[in-house]
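The next block holds one structure in the form of structure tokens; read it before the comments.
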Amino acid sequence: MKTKTGLSTQCVHSGEFHGSEGSPHTPIFNSTTFQFSSTKALLDVVEGRKQGNLYTRYGMNPTIRSLETKLAEIEKAESAMAFCSGMAAESAFILAHCRKGILCIGDAYGGTMEFLGQQLKSLNIPAFFLLNTEIDKLPSLLSRKIDVVFFETPTNPKLEIFDIKAISKIAHKHRAVVCVDNTFATPVNQNPLLLGADVVVHSATKYLGGHSDITAGALMGSKKILEPVLSWRKNLGQMIAPEVASLLMRSIRSLSLRVNRQNESALKIAEWLNKHPKIKIVYYPGLPNYPYHKLARKQMAGFGGMLTIEVNKDAKSTVKFVDRLKLFKIAPSLGGPESLVTQPVTTTHHGLSARELKRRGITGSMVRFSIGFEDTKDLIADLEQALSKI
Ligand code: PLP
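Numbers given in the working numbering equal positions in the sequence shown, counted from 1, plus 13.
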């Protein structure tokens with residue numbers, strides 16, 4: 014479907030393969046291998062003269078192919094690759110493209126930091142880390158040997174926003190490829206490829222999966238940029254299972270409904286928290302007093318379902334507040350139907366030294382929420398009762 018349909022239509026229809034039985038959506042082909050009518054027919058596929066199904070770990074499976082067409086279209090990409098996790102997608106991309114060095118801008122998911130700081134380092138590929146407050150050093154850092162620039166926007170946990178267009182422009186001048194982790198924003202709120210990024214990575218475990226019941230990942234970009242990643246995915250065995258691919262397609266059909274609802278609810282909750290006397294700071298890109306609001310308005314269509322606060326109390330009282338919440342469940346993930354609460358110091362940033370936490374402005378009074386599908390008034394009532402106890 015190459016017409017310029019809207020995102021909701023693409024979420025429902027893109028990539029769907031109806032099979033011969035009239036199924037309205039792609040059936041699950043759980044076969045690990047596919048049979049051929051002759052050796053010639055097999056060789057035509059093996060040697061690339063014809064597109065066909067061959068072996069599921071290679072991605073040559075109709076269910077996985079359908080999913081990848083849908084993933085590409087929703088991120089406005091020429092092509093996409095599905096993976097068994099977000100980290101699988103991210104690591105395969107970096108291993109395929111990074112030879113000289115990688116620059117990670119801003120806060121990133123803990124697993125990403127560990128991969129860059131430990132596994133990549135063990136291959137003698139250096140990783141450089143630049144905070145938002147140090148962004149003026151970007152051109153001088155890029156003049157070092159860097160071939161990949163990686164960042165999340167909005168970031169975890171402070172929902173900082175990076176200017177995708179401006180960073181891509183500078184990175185391209187230095188011949189570096191730009192990879193944006195669009196997990197928090199989703200294609201409903203932001204399309205990094207349209208803003209100049211070269212590749213998008215998703216932990217599809219989060220909003221794309223949307224139900225806290227699958228682990229998956231995705232890369233979206235041009236055929237040229239994804240082509241070198243194919244053999245890494247194949248030989249590291251990072252393929253998504255057909256059953257999970259089918260569940261992910263099921264979930265993407267409702268992506269824009271879910272995310273728009275989460276945007277709406279998170280904004281209302283952020284506005285309510287912003288006026289609460291026991292809250293010191295609300296980190297939410299949709300609030301006009303948030304320092305990155307103007308930039309967020311420029312590059313985002315909505316502000317997302319994630320929000321972080323700093324309570325006007327010490328770390329001990331903050332734990333008490335978290336433990337008193339009833340509807341919000343204490344868990345580190347995000348993007349599902351149930352609202353979740355987590356403290357960066359106990360999960361995503363657990364293990365960072367006191368000095369590093371200070372440098373990143375992450376405190377024991379900081380609490381992160383993933384807003385789910387519950388009634389907004391019920392979530393506010395839950396926050397109110399827990400805040401009243403501290
Ligand atoms: N990127 C972000 C922003 C994440 O939050 C996560 C996981 O929490 C990942 C990547 C890694 O994804 P996965 O857990 O699917 O491997």
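A virtual CB, placed ideally from N, CA and C, is assigned to each residue, including glycine.
In this structure, the ligand PLP has a non-hydrogen atom nearer than 6 Å to the beta-carbon of G99. In this structure, G19 has its beta carbon at no less than 6 Å from each heavy atom of the ligand PLP. In the structure shown, F341 falls within a coil segment according to DSSP collapsed to helix, strand and coil.
Annotated as distal: V162 and A140, with beta-carbon spacing of 7 Å or more.
Distances from the alpha-carbon of I403 to those of S330, A189, S135, L340 put S330 closest. Here Y305 has E173, I174, P298 as same chain residues with Cβ atoms under 7 Å from its own Cβ, once five neighbours each way along the sequence are excluded. Inter-residue distance for E34 and T52 is about 28 Å (C-alpha atoms, whole angstroms).
Looking at E351, K311, K339, A328, the one whose alpha-carbon comes closest to that of G318 is E351. A straight-line Cα-Cα distance of about 20 Å links G374 and L116. When distances are taken from the beta-carbon of S92 to the heavy atoms of the ligand PLP, even the shortest one reaches 6 Å or more. D388 and F128 have their alpha carbons spaced roughly 38 Å apart. Cβ-Cβ distances below 7 Å link T46 to Y68 in the same chain, with the five nearest sequence neighbours on each side left out; the list follows chain order. Restricting attention to beta strand (DSSP E) runs no shorter than 3 residues, the segment 176-221 encloses them at 190-194, 212-216, ordered along the chain.
Within its own chain, the residues whose Cβ lies closer than 7 Å to the Cβ of I177, once the five positions on either side in sequence are excluded, are T166, V193, P205, L208, G209, A210, Q312, listed in chain order. Each of R70, K63, S259 was checked against the Cα of G28, and the nearest Cα belongs to S259. Distances between the C-beta of S216 and the heavy atoms of the ligand PLP include at least one below 6 Å. Around the beta-carbon of N74, 16 or more other beta-carbon atoms lie within 10 Å, marking it buried. At the C-beta level, L108 and A95 stay beyond 7 Å of one another. Within the same chain, and ignoring the five residues on either side of A344 in sequence, the residues whose Cβ sits closer than 7 Å to its Cβ are L353, T355. In this structure, the C-beta of T196 approaches the ligand PLP to less than 6 Å from one of its heavy atoms. If the five residues before and after R246 are omitted, its C-beta is found closer than 8 Å to the C-beta atoms of G72, M94, F96, A101, A105, M252, all from its own chain and listed in chain order. Remark: the C-beta of Y296 is outside contact range of the ligand PLP, defined as less than 6 Å to any heavy atom. The alpha helix (DSSP H) runs lying completely inside the segment 15-98 and spanning 4 residues or more are 20-26, 52-59, 75-87, given in chain order.
Per DSSP, the unbroken alpha helix (DSSP H) holding R373 starts and ends at 367-373. Under DSSP, the beta-bridge partners assigned to A231 are A95, H215.
Of all alpha-carbon atoms in N137, S92, L144, the one lying nearest the alpha-carbon of R372 is that of L144. Note on geometry: alpha-carbon atoms of N169 and G65 lie some 40 Å from one another. Counting along the chain, no beta strand (DSSP E) covers T168, and no H or E run does either. One Cα belongs to V213, the other to L392, and the distance between them is close to 32 Å. Closest in C-alpha terms to L396, from the list F341, L320, R188, T39, comes F341. Membership of L136 in any beta strand (DSSP E) is not indicated, and neither H nor E is assigned to it by DSSP. Boundaries for K150: no alpha helix (DSSP H) harbours it, and the DSSP string shows neither H nor E there. By the Cβ-count criterion, Q203 is buried, with 16 or more other Cβ atoms from all chains shown falling within 10 Å of its own Cβ. Secondary-structure assignment with DSSP links V380 through a beta bridge to I322. Going by DSSP, K237 is part of the alpha helix (DSSP H) stretching over 236-249. Taking the Cα of I148 as reference, the smallest distance to any Cα among F164, K134, S135 is reached at F164.
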